[in-house]
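Colleague: In my numbering, each residue carries its 1-based index in the sequence shown increased by 28.
Let me begin by handing over the structure; questions about it come next.
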Amino acid sequence: MGAARPRRWRLPFQRSAPSSPSPSSKSLPVPYSPARSAAAAAEAERKWEQEAAPPPEFVCPISGAPMADPVILPSGQTYERACLQACADLSFFPPGAGSGSDALIPNSALRAAIGSWCTRSGRAAPRPPSKEAAREAVLRVMPPLAAAAAEAKSVRTRRAAMACSSNSSYSSPASAASTSTYASSSEITPAEEDVVAAKPVVTEVAVDPLEDEVVSTVMDADEDGEVAAVLAVLREATRESAERRRALCTPRLLAAIRRVLLIPRHASARVDATAALVNLSLEPANKVRIVRAGAVPALVEVLRSGGSAPEAREHAAGALFGLALSEENRAAIGVLGAVPPLLDLLTSPAQHPRARRDAGMAIYHLSLAAVNQSKVARFPGAPKALLAVASGASEPTPIRRLALMVVCNVGGCAEGRAALMDAGAVAAVSGILLSCGHDDTRVAELEEWCVAAIYALSRGSLRFRGLARAAGADKALRRVAEEGTPGGVRREMARKTLRAMRGDLDDEADLTGSSLECGDGDDCGGSIVSDGLMSFRRRQRDVGASSGGNTAEF
């Protein structure tokens with residue numbers, strides 16, 4: 029028999045007939061429902077509105093609409109220009125807003141971003157609101173009593189203007205106010221009557237007559253002698269009392285002073301104008317107002333201008349010192365360009381010692397803000413100039429101390445430490461500290477600030493160890509650590525700095541992580557306050573008082 033043939037598998041293939049769909053499986057048309065269509069339309073409209081809504085940063089906080097002409101204020105906030113002008117007319121300023129059109133910087137980047145968004149979303153570019161629309165927007169966000177007071181003031185202003193135009197003879201502001209007060213009720217619309225009815229609830233501040241005189245003279249006088257005369261009167265008035273200084277510190281008067289400082293033909297009146305600003309800045313309530321009114325760029329121009337009198341420069345530095353005492357002003361003053369001219373004034377031996385002292389105190393307080401520490405470190409030649417002043421044996425001791433105080437603050441940031449070390453700060457400060465061991469009491473006054481400066485430079489820097497050993501800082505620090513008062517600030521800082529030089533600190537946590545909170549009244553923001561350095565803030569007040577810091581009237 030032959031070989032068995034392999035068995036083949038046979039797979040049955042059957043083609044199934046297409047099954048006819050059952051009547052129940054057929055898709056039935058969805059019946060029309062008005063409620064379902066309305067809900068779908070509402071959902072689509074809601075999604076469209078969400079997509080079409082402008083980003084919050086494009087909307088003015090006052091008008092609630094995309095901004096056509098956004099302007100940025102020294103505080104960093106952005107508003108519609110027309111709304112801020114309406115705020116100035118109504119004497120109402122929202123938080124962070126300045127005084128009307130003063131110191132308003134166009135925000136070109138935001139304006140371009142708003143235009144790009146409008147193009148992508150198919151919207152028309154926003155247009156600036158009219159004067160009436162901006163006024164209504166401001167009144168909506170104002171508190172009820174403040175809005176009523178603003179409307180009442182506007183009504184009295186219009187009636188006074190009507191009374192003055194109808195009377196050809198001259199009338200004083202007092203007579204105009206009395207005329208407007210006793211005007212007939214037929215001149216007032218019903219809407220105005222409701223506003224005026226709220227007047228008894230609002231307490232108004234009387235306008236100082238000198239304000240109108242100064243503003244009208246500065247704006248209308250053709251001769252510089254008239255402007256100088258009226259500003260001399262203003263200077264004397266700001267020396268009378270605190271109440272008079274607070275009453276005179278208004279946006280109108282500050283704008284007039286700013287005009288005098290910026291116009292070259294009023295050079296002879298700059299001395300009295302800057303002195304008036306110094307006196308006005310003595311009141312804590314006036315410090316922020318002066319900065320928001322745009323006075324800082326004018327003071328910077330006085331410091332930079334070669335045609336300014338030495339006395340005007342001295343008063344300008346004193347005014348900036350007084351304004352820098354307010355923590356809220358420091359960042360804005362630095363952004364507006366006050367640091368470079370103040371540094372030039374402090375480091376110039378040819379200037380008057382009082383002007384250099386005020387400039388040094390201004391830079392010291394400005395450098396308490398971290399943003400200004402970087403500005404000092406980046407300014408070309410500033411670290412070397414400060415160290416030269418601190419090391420100069422011919423320099424007055426108060427000026428040398430101020431330079432060391434600024435070095436301490438600048439050393440509080442990594443960028444400042446690097447710039448100071450590149451300028452030879454470790455060797456310079458170590459040399460001053462080594463000379464402090466002599467009997468010269470004037471040099472001994474600098475010892476605590478030298479220790480603070482070396483302590484600031486030692487924070488988180490590996491370069492410090494080699495530079496300090498090469499400069500012989502360990503010898504001077506060891507003397508301070510041994511001779512200092514037990515538990516004293518200088519002794520503790522000297523001991524920690526010696527430990528940093530030996531590398532005993534665990535990742536230098538003591539130098540970078542232990543910062544104390546400031547007590548009430550101590551201004552420590554952005555400085556090198558750590559462990560015992562909080563007492564330096566208390567000594568700073570003594571330094572300012574002993575130097576006559578912003579307490580004298582000019």
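Where a beta carbon is used, it is the ideal one built from N, C-alpha and C, also for glycine.
Of the residues E311, S119, A152, which one's Cα is nearest the Cα of P82?
Modeller: For the set E311, S119, A152, the Cα lying nearest the Cα of P82 is the one of A152.
Colleague: What distance in whole Å lies between the Cβ atoms of V328 and A366, which are believed to be in contact at a cut-off of 8 Å?
Modeller: 5 Å
Colleague: Three-state secondary structure (DSSP) at P94?
Modeller: strand
Colleague: Less than 8 Å separating the beta-carbons of M521 and V479?
Modeller: yes
Colleague: With a Cβ-Cβ cutoff of 8 Å, do P156 and A249 count as a contact?
Modeller: no
Colleague: What's the gap between the Cα of A364 and the Cα of G150?
Modeller: Here residue 364 turns out to be Leu, not Ala, going by the sequence shown. Their backbone Cα atoms lie some 38 Å apart in a straight line.
Colleague: Where does P83 fall in DSSP's three states?
Modeller: coil
Colleague: Ordered along the chain, which non-local residues of its own chain (more than five positions away) have a Cβ less than 8 Å from that of R163?
Modeller: A114, D117, L118
Colleague: Alpha carbons only, please: which of L432, G452, F492 is nearest the one belonging to L474?
Modeller: L432
Colleague: Taking the alpha-carbon positions, what's the A528 to A499 distance?
Modeller: 15 Å
Colleague: Ends of the alpha helix (DSSP H) at T375?
Modeller: Bounds of any alpha helix (DSSP H) do not take in T375, whose DSSP letter is neither H nor E.
Colleague: From I556 to G439, what does the alpha carbon distance come to, in whole angstroms?
Modeller: Legend: pLDDT at I556 = 38, less than 50; position of this residue unreliable, value from coordinates given subsequently. If I take the Cα positions, the gap works out to 7 Å.
Colleague: How would you call I133, buried or exposed, if buried means at least 16 neighbouring beta carbons within 10 angstroms?
Modeller: exposed
Colleague: In whole angstroms, what separates the C-alpha of S244 from that of A165?
Modeller: 30 Å
Colleague: Which residue wins for smallest C-alpha separation from G459, given the options A447, C441, I482, G444?
Modeller: Of the candidates A447, C441, I482, G444, the one whose C-alpha sits nearest the C-alpha of G459 is I482.
Colleague: Should K403 go down as buried or exposed, given a rule of 16 or more other Cβ atoms within 10 Å for buried?
Modeller: buried
Colleague: Please tell me whether G452 has its Cβ less than 8 Å away from any Cβ of chain C.
Modeller: Among the chains of the structure shown, chain C does not appear; only one protein chain is present.
Colleague: Please report the straight-line C-alpha distance between R271 and S336, rounded to a whole angstrom.
Modeller: Correcting the residue type first, residue 271 is Glu in the shown sequence and not Arg. Straight-line Cα distance between these residues: approximately 31 Å.
Colleague: Please classify A405: is it buried, with 16 or more other beta-carbons within 10 angstroms of its beta-carbon, or exposed?
Modeller: buried
Colleague: Scan the region 246-294 and note each continuous alpha helix (DSSP H) run of 4 residues or more that stays entirely inside, going in chain order.
Modeller: 252-265, 270-276, 279-290
Colleague: Look at L289 and A304 and say whether their C-beta atoms are less than 8 Å apart.
Modeller: no
Colleague: Apart from the five residues just before and just after E339, which ones in its own chain have a Cβ nearer than 7 Å to its Cβ?
Modeller: V299
Colleague: Tell me the DSSP secondary structure of P134 in three-state form.
Modeller: strand
Colleague: Alpha carbon to alpha carbon, how far is R263 from I318?
Modeller: 16 Å
Colleague: Alpha carbons only, please: which of E510, M170, G143, E476 is nearest the one belonging to I90?
Modeller: M170
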